[in-house]
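Here is the structure we will look at.
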Amino acid sequence: MDHRNVIDHQGGVHEGLFNSHTGFLIDLSCGAGRYKIVRPYEQLDPARITESPLSCPTCKEIDGAGPAAPRHLNDLTREYAEAVLALADRRGYRPALDNEGFRLAFDGLKLAKPPAEKHYPLIREHLTSMLTERALTVPEGTPQVLVEYQRYTGGVVLAPIGVGDRLMRNGIASGHWPIVEVTAVESTPDGAVVTIREKNWPPYRCSGSEAARWFFKLDRNPGA
Ligand SMILES: [Zn+2]
Numbered sequence: 626m627d628h629r630n631v632i633d634h635q636g637g638v639h640e641g642l643f644n645s646h647t648g649f650l651i652d653l654s655c656g657a658g659r660y661k662i663v664r665p666y667e668q669l670d671p672a673r674i675t676e677s678p679l680s681c682p683t684c685k686e687i688d689g690a691g692p693a694a695p696r697h698l699n700d701l702t703r704e705y706a707e708a709v710l711a712l713a714d715r716r717g718y719r720p721a722l723d724n725e726g727f728r729l730a731f732d733g734l735k736l737a738k739p740p741a742e743k744h745y746p747l748i749r750e751h752l753t754s755m756l757t758e759r760a761l762t763v764p765e766g767t768p769q770v771l772v773e774y775q776r777y778t779g780g781v782v783l784a785p786i787g788v789g790d791r792l793m794r795n796g797i798a799s800g801h802w803p804i805v806e807v808t809a810v811e812s813t814p815d816g817a818v819v820t821i822r823e824k825n826w827p828p829y830r831c832s833g834s835e836a837a838r839w840f841f842k843l844d845r846n847p848g849a
């Protein structure tokens with residue numbers, strides 16, 4: 626998450642919270658929402674980004690971070706995201722990141738105060754960061770094979786493949802996109818070799834460069 630000061634439609638200055646991979650303005654620290662700065666269906670005007678000091682009283686108070694300062698929305702929403710991820714891990718699958726997925730998660734968590742709905746975009750961004758961090762981690766000593774990983778809220782990074790990862794085959798040519806699991810990554814004199822388990826097929830091996838061409842990383846198996 627990036628923080629930059631932004632100017633609202635009335636000329637007030639707030640602290641904006643941005644997607645650090647795409648530069649998308651998600652919300653303001655005071656929780657007023659991105660439409661305080663951007664009109665619906667329009668892109669953020671770069672002229673809205675400013676070095677001027679904050680003038681919004683709530684953003685200022687949060688930024689002051691004195692002992693009496695209200696909780697920073699960024700911290701609060703990160704805690705929500707951690708709770709949603711922990712709940713998903715207990716169930717053994719990654720969380721759904723759409724609004725309905727969040728609603729169900731919060732029902733399950735009984736976390737309604739203060740209302741979380743307003744802050745789904747920020748919670749989603751924190752979850753995306755956590756899932757990306759997880760996708761970038763593999764067991765120590767794994768030979769390095771890098772494949773593309775698409776962040777949920779935008780941006781592609783290269784992630785290493787490890788045992789227990791779920792990959793998706795690039796089906797742009799075949800029209801089908803099977804999900805497979807990595808059961809081994811070994812180093813051989815000819816380079817890294819990845820063993821793949823795919824439903825209805827005997828396990829097969831491919832070289833690191835084939836794996837990088839054929840697959841995207843989806844996520845790590847929560848049980849791995
Ligand atoms: Zn503000």
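For the sequence shown, the positions run 626 to 849 when the working numbering is used.
Quick reminder that beta carbons are idealized off the backbone N, C-alpha and C, glycines included.
Note that the coordinates shown come from a computational prediction; the quantities given were computed from them, not determined experimentally.
Q | Per-residue burial, A713 [other beta carbons within 10 Å of its own, 16 or more giving buried] | A | buried
Q: Would you check whether ligand 3 has a heavy atom nearer than 7 Å to the C-beta of H639?
A: The model depicted lacks ligand 3 and carries ligand 1 instead.
Q. Looking at C-alpha atoms only, which residue of P768, E823, A798 is the closest neighbour of V807?
A. That would be E823, whose Cα lies nearest to the Cα of V807.
Q) Roughly how many angstroms separate the alpha carbons of I674 and E704, rounded to a whole number? A) 27 Å
Q) Is Y745 buried or exposed, if buried means 16 or more other CB atoms sit within 10 Å of its CB? A) buried
**Q.** CB-CB length for V763 against G787, believed under 8 Å
**A.** 3 Å
Q) Can you name, in chain order, every residue of its own chain whose Cβ lies under 8 Å from the Cβ of R838, other than the five neighbours on each side? A) N795
Q.
Given the structure, does T675 come close to ligand 1, in the sense that its CB is under 7 Å from one of the ligand's heavy atoms?
A. no
Q) By the 10 Å Cβ neighbour count, where 16 or more other Cβ atoms means buried, how is K661 classified, buried or exposed? A) Buried.
Q | Exposure label - R659; buried when at least 16 CB within 10 Å | A | buried
**Q.** 8 Å Cβ shell around H646 - same chain, five flanking residues per side excluded
**A.** R776, T778, G779, G780, V782
(Q) For E750 and N644, I'd like the C-alpha separation in whole angstroms. (A) 7 Å
Q. Can the beta-carbon of H628 be found less than 8 Å from the beta-carbon of A657?
A. With respect to the 8 Å criterion, H628 and A657 are not classified as neighbours on the basis of their beta carbons.
Q: On a CA-only basis, which of P720, S834, E725 is nearest G816? Give me that one, please.
A: S834
Q. Roughly how many angstroms lie between the CA atoms of K685 and L679, to the nearest whole one?
A. 6 Å
Q. Which whole-angstrom value describes the C-beta separation of S812 and P768, a residue pair presumed to lie in contact below a C-beta threshold of 8 Å?
A. At roughly 4 Å, the Cβ-Cβ gap stays under 8 Å, so S812 and P768 are in contact.
Q: Give the DSSP bridge partners of L679, in chain order.
A: DSSP output for L679 lists no bridge partner at all.
Q: Going by DSSP, name the residue or residues bridged to V638.
A: DSSP, once it has assigned bridges, lists I632 as partnering V638.
(Q) Please give the ranges of any beta strand (DSSP E) in the stretch 771-830, keeping only runs that are unbroken, at least 3 residues long and fully inside the region. (A) Whole beta strand (DSSP E) segments, 3+ residues: 771-775, 781-785, 790-794, 804-813, 816-822.
**Q.** Spatially closest choice to F854 from V810, Y774, G789, by CA coordinates
**A.** Absent from the structure is residue 854, since the part of the chain shown begins at 626 and ends at 849.
(Q) Would I632 and L747 be called neighbours here (beta carbons separated by less than 8 Å)? (A) No; because the gap between Cβ atoms is not below 8 Å, this pair is not in contact.
Q.
Which same chain residues end up closer than 7 Å to A706 when comparing Cβ atoms and leaving out the 5 residues on each side of it in sequence?
A. For A706, same chain residues with a beta-carbon under 7 Å away, outside a window of 5 residues either side, are I748, H751, L752, M755 in chain order.
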